[in-house]
Amino acid sequence: MAHASLSWCLGAALALFCGSPWPPAHSALAPENEVPLRPTTWVPEGKITSVILPKGRTRRLYFTLKKKAPAMSVTVSPCDLPIEWSLAARTLKDKPLKSLQWSTKKSTPEVWWRGPGTEEKMHGFTGNAVNTYKGPSHPQATIYILRLRAKQQNTRATVYLHEGRGPSGAFPLLPADPRVHTVGVGMTSVSLSWAPSASLTGLPETQKSYGYCVLANSQRNHPSLCAAQVSAGKKKEQKREKHKEDRRRVAAWPILKEWWWQQWDSDPKPQSPPSSPADEYPGIQCACQGTESVCTVSELLPDTRYYFDVFVMDRLNGTSAAYEGTFARTHEEAQAAVVALREGELRWVTFGDGGSGSEQFFSFRPRGWQQQSGLLTLQSCGGGEKVTVTVSGEGQVLTSQAVGGDLVHIWLQGSTSYLVRLEREGSTANPVLPGGPTASVKIQASSAYHRTEVPSLPSTLQIKSFNRLRGCNTVTLAWMGTEERSLYCVYRRALGEREAEAGGASALTAPCLGPESRSDTERVLCKYFQELNPRRAVTTAVIGGLDPGTAYVFDVYLMRRWGIPIMYASKMVKTRREC
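Under the working numbering, the sequence shown has 659 at position 479, and the numbering climbs by one with no breaks.
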C-alpha cells in the first residue's frame, strides 16, 4: 500500500513539473470569437493581400488606421466561388498594460481579445462579385477585424485596404455601361465591342500600364480573371487525368488539400507586378489583348455557344476589373441540298466545272414494313473522272468506294433511310454521249422486298456471233444469262460505210447509253430467260430483217425490276453480200 502511494505521488509530481501530455480540451462555453494561438495576418495599407479560404473555416484579418485617417475603403475580391465577409470595429475600454506578463505565444490581437471591450459590425456581404466598403473610420475603434468564410469549397480571395476619402487608384475603372456587345456573328468568328475604360482614356499614349484581355470559352462567363484561371486549370487537370500523362506536374489550380492547411494562415509575400495576364494567371490565353475596345475572336467551331469576357488590366498594380460578359452562338455550316431519290428512278448526276472537290447529296428511304432493304446501283460515265460514293445510315458510314465504268451495286440494309454522297475528285471534262445527255454518274435506288443480297451478274458481258450462221439478212447472237428470271432486250444500229471502215471503239455504243436513251426503232426483240445452272446459262437470238453487206452494232441489255440495266459489250457484225 505504501509502495502504491509513493508511485502515485511521484507520477503527480512529474505531471505538475512537465505538464500534462494531453492537449487541453476546448471548452464548450468558449466564446465564438476566441482567437487561436497562431500567427496574426495584418492587412497592409495600399497593398493587395491574398487570402486562402478553407471550406467552413473563418479567416480573420486585422488592421489599424492612422489617427488622422478620416475615411477608409476595403475591397474584397473573391476568386470564383461565393464567400461571406464582414468588417467590424473593436473598441477596448482599457488598453493592456505593457508590464502585464503574457505568454510569448499570444499575439497582440489575442491580448486585446482578452481585455474588456465592445465590437460593432460595419459591413457585410455574401457573393462572388467584387465588393467594396467605403465610409468614415470608427472614431473609437482600437482595431478592425475582417472575417472571411467559404461555405461551398476551398477558394481564395484578395483584400485591399485604402486610407482616405479619394479613390484608391489600385483598380481599373469601368465605364457607366460595362456591358460587352456583340457586333457580328459568323460561322467561325464573333466580333465584340465595349465602352472604353476611363483608366485608359485618361492616360497618355506613352504610358501602357493598362490594357484589355478578352477570353472566350464554351462553358460559362467568369466574374474575374482568377475564376477564368481556375476553370482553365480544372480543364487542364481533367485532360491530364484522361490521358494519364505527366502525373508529376501539378496544375496551378486546384491546389492540393494538404497545401491549404499548411499555408492557410501564412503571411503573403510581396510580389513584383506582372507584365502580362499570363504571368499573374497561368493558363490564361487572351483572344485579344491591347488597348482597343473592339475584338474579333476567330477560329471558333460552327454551331457552338461561346461565352465572352472582357477584363481591363492594371499591370502596374496587378489588378483587373471585369465587364459584364456576353454569349453568342456561331452560325451553322452551309448544308448542301439533299435530293430525295424516288423508287426506281434513274438519275443522271452532272458535276459542275468548279474545280475538284465537287459533291452532291441524295437520300433514299426503302419501302417496306419489317425488312427495309434496298439496292443502290451506280455507274460512272465520265472519261478519266474519279468519283467516290459514300453511304451513311443513322449517322454512321456504311461503305465508301470508287465508282468506275463498271456497275457498282451497294446493298442497303439496317437503316430506315440512307444518305448518299457523291464526290468528284478529278476535274476532267465530261464527254458528250452520242444520242444521250452529258453526265458523270448514273444512279438508281430501289427497294428489294424479298431479297437478302445483291442480285447475281452474268459470268461475262461479252456477246458472241456465229460466222457459220451469218447470212445476208440474219445473224445469230449468244450471251450469258443468270439463274434469275430476267428480261433481255437486243438493240441494233446500222453503221455507214465510213464508220464501218474506221471500225474500232468509235463505232461502238457508249457504255452509259441505256435503253431509255435508245430509239424504239432500234429495239429488235426482248425475251425472258432463266437457267438454274450458271455454267449452262447461255441464250441465243436470231436477228432478221437485215440488209446484205451492211455493218451493224448490236447491244444487249439485262433488264431488272431494280437497278440500272446492265449493258453487255457492243458487238459489231457485218452481213454477207451474197448468199
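Quick reminder that beta carbons are idealized off the backbone N, C-alpha and C, glycines included. If you're wondering where the values come from, they're calculated on a predicted model, not measured in any experiment.
Query: What are the residues that DSSP puts in a beta bridge with residue 746?; Result: 738
Query: Counting only runs of 4+ residues fully inside the region 652-699, write out the alpha helix (DSSP H) ranges in chain order.; Result: 677-682
Query: Could you give the first and the last residue of the continuous beta strand (DSSP E) run that contains residue 579?; Result: 576-583
Query: Just how far apart, CA to CA, sit residue 556 and residue 730?; Result: 40 Å
Query: Beta carbon of residue 707, beta carbon of residue 748: below 8 Å?; Result: no
Query: Go ahead and pull the three-state DSSP assignment for residue 410.; Result: helix
Query: Measure the C-alpha to C-alpha separation of residue 391 and residue 369 and round it to an integer number of angstroms.; Result: 22 Å
Query: Please state the DSSP three-state secondary structure of residue 235.; Result: strand
Query: Could you tell me which residues DSSP pairs with residue 263 in its beta bridges?; Result: 307, 330
Query: Would you check if the distance between the CB atom of residue 518 and the CB atom of residue 541 is smaller than 8 Å?; Result: yes
Query: Do the CB positions of residue 318 and residue 269 come within less than 8 Å of each other?; Result: yes
Query: Quick check: the region 653-670 against the region 728-747, are there 3 or more CB pairs under 8 Å?; Result: yes
Query: Just to confirm before moving on: does the CB-CB distance between residue 308 and residue 341 stay below 8 Å?; Result: no
Query: Are at least three pairs of beta-carbons, each pair with one atom in the region 498-507 and one in the region 350-363, less than 8 Å apart?; Result: yes
Query: The alpha helix (DSSP H) that contains residue 220, what's its start and end?; Result: Neither: residue 220 is in no alpha helix (DSSP H) and is coded neither H nor E.
Query: Could you spell out where the beta strand (DSSP E) holding residue 257 opens and where it closes?; Result: 251-258
Query: Hey, how far is the Cα of residue 122 from the Cα of residue 545?; Result: Past the edges of the chain, shown from 181 to 759, lies residue 122, and the structure says nothing about it.
Query: Using only CA atoms, which one of 367, 666, 568 lies nearest to residue 486?; Result: 367
Query: Please list, in chain order, all residues of the same chain as residue 666 whose beta carbon is under 8 Å from its beta carbon, the five residues on each side excluded.; Result: 708, 709, 710, 738, 739, 740
Query: Answer yes or no: does any C-beta atom of chain B fall closer than 8 Å to that of residue 230?; Result: This model lacks chain B altogether; it includes just one protein chain.
Query: Between which two residues does the beta strand (DSSP E) containing residue 341 stretch?; Result: 335-343
Query: Under a Cβ-count criterion, where at least 16 other Cβ atoms within 10 Å of its own Cβ denotes burial, should residue 259 be classed as buried or exposed?; Result: buried
Query: Alpha carbon to alpha carbon, how far is residue 575 from residue 636? Give it in angstroms, no decimals.; Result: 29 Å
Query: Is residue 716 helix, strand or coil by DSSP?; Result: helix
Query: Using the rule of at least 16 other Cβ atoms within 10 Å of the residue's Cβ for burial, across every protein chain shown, is residue 759 buried or exposed?; Result: exposed
Query: How many Å lie between residue 220 and residue 347 at the Cα?; Result: 28 Å
Query: So residue 263 and residue 337 are in contact, right, with Cβ under 8 Å, and what is the actual spacing, rounded?; Result: 6 Å
Query: Suppose contacts are defined by Cβ-Cβ distances below 8 Å. Is residue 627 in contact with residue 548 by that definition?; Result: yes
Query: I think residue 312 touches residue 254, with their Cβ atoms under 8 Å apart; what is that distance to the nearest whole Å?; Result: 7 Å
Query: Do residue 150 and residue 603 have their C-beta atoms closer together than 8 Å?; Result: Since the first and last residues shown for the chain are 181 and 759, residue 150 lies out of range.
Query: Can the beta-carbon of residue 558 be found less than 8 Å from the beta-carbon of residue 623?; Result: yes
Query: Keeping to the same chain, check which residues put their C-beta closer than 6 Å to that of residue 353; ignore five residues upstream and five downstream.; Result: 377, 378, 379
Query: To the nearest whole angstrom, what separates the beta carbons of residue 529 and residue 620, a pair I think is in contact under 8 Å?; Result: 6 Å
Query: Below 7 Å CB to CB, which residues in the same chain sit around residue 320 once its five sequence neighbours on both sides are set aside?; Result: 271
Query: By DSSP's criteria, residue 371 is part of a beta bridge. Which residues make up the other side?; Result: 364, 476
Query: Look at the alpha carbon of residue 751 and the alpha carbon of residue 680, and state the distance between them as a whole number of angstroms.; Result: 13 Å
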